[in-house]
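Trainee: UniProt numbering numbers the first residue of the sequence shown as 1 and each following residue consecutively. Glycine residues also receive a C-beta, built at the ideal position from the N, C-alpha and C atoms. I am attaching a structure below and will ask some questions about it afterwards.
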Amino acid sequence: MTVTIAIEQPKQPDVVALIGLSDDYMASLYPPEGNFAVDLDALSQPDIAFLVARLDGKAVGCGGIKWFADGSAELKRIFVHDEARGHGIGRKIMAELEAQATARNVTRLYLETGPLNVEAVRLYEALGYRTCGPFADYEENPHSLFMMKDLKQREAAE
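Next up, the structure:
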């Protein structure tokens, strides 16, 4: 079992199918007005680095990072296929996203998830993300949980 994680284009058939599974999962949890996932066109923009995790060559996970001019960034579209869970792929995607952020001197990483994504929230908390208020263009709503990790604090502790 070989896991690779690399920056790739999201508009590949296997990645499009993976994102479709993510969309289906989110639609099962939240109404349309509570779903803030970015589409394939947005993921293809130059202000986003998009990573794909592959298990023996098959796309099984993904995650993106959107760069902001103020030195912060937002994590986007983090997802691991049900069949690939339990192999630490989510942690590996998060580690690579944080490495990308550190390489660009990002000071804070933000993410928006839903409170019903219990497994994801547990992972984010275990990795040092803490709840915060809305950021960027988000507004407070019952379907969103906003989280942040200060990378400068991590750097200072090392």
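In terms of alpha-carbon separation, which member of Ala17, Lys66 and Lys92 lies closest to leucine 127?
Mentor: Looking at the Cα atoms, Lys92 is the closest of the given residues.
Trainee: Per DSSP, which residues does valine 80 bridge with? Please list them.
Mentor: Beta-bridge pairing links valine 80 to Gly61.
Trainee: Would you mind sorting serine 28 into buried or exposed? The rule is 16 or more other CB atoms within 10 Å of its CB.
Mentor: Exposed: under 16 other Cβ atoms inside 10 Å.
Trainee: Pull up the distance between the alpha-carbon of glutamate 125 and that of threonine 107, whole angstroms please.
Mentor: So the alpha carbons of these two residues sit roughly 18 Å apart.
Trainee: Counting only the same chain and skipping the five closest in sequence on each side, list residues whose C-beta sits under 7 Å from that of aspartate 23.
Mentor: Contacts found: Ala37.
Trainee: Do you know how far the Cα of glutamate 112 is from the Cα of phenylalanine 143?
Mentor: As written in the sequence, residue 143 is histidine, which differs from the phenylalanine given in the question. One C-alpha to the other measures close to 10 Å.
Trainee: Do lysine 11 and leucine 40 have their CB atoms nearer than 9 Å?
Mentor: It is a contact, given that the beta carbons lie within the stated cut-off.
Trainee: If you follow the beta strand (DSSP E) that tyrosine 110 is part of, which residue opens it and which one closes it?
Mentor: 108-113 is the extent of the beta strand (DSSP E) around tyrosine 110.
Trainee: Provide the residue(s) that pair with isoleucine 7 in DSSP beta bridges, ordered along the chain.
Mentor: The partner list for isoleucine 7 (beta bridge, DSSP) reads Leu51.
Trainee: Within the same chain, show all residues whose beta-carbon is closer than 6 Å to that of leucine 43, passing over the 5 residues directly before and after it, in chain order.
Mentor: Cβ neighbours of leucine 43 beyond the five flanking positions: Pro10, Phe50 and Gly64.
Trainee: For valine 118 and leucine 145, what's the separation of their Cα atoms in angstroms?
Mentor: The straight-line gap from Cα to Cα measures roughly 11 Å.
Trainee: Would you list the one or two residues that DSSP bridges to phenylalanine 146?
Mentor: DSSP, once it has assigned bridges, lists Glu112 as partnering phenylalanine 146.
Trainee: According to DSSP, simplified to helix, strand and coil, what is residue 163?
Mentor: With the chain running from 1 to 158 in the structure shown, residue 163 is simply not present.
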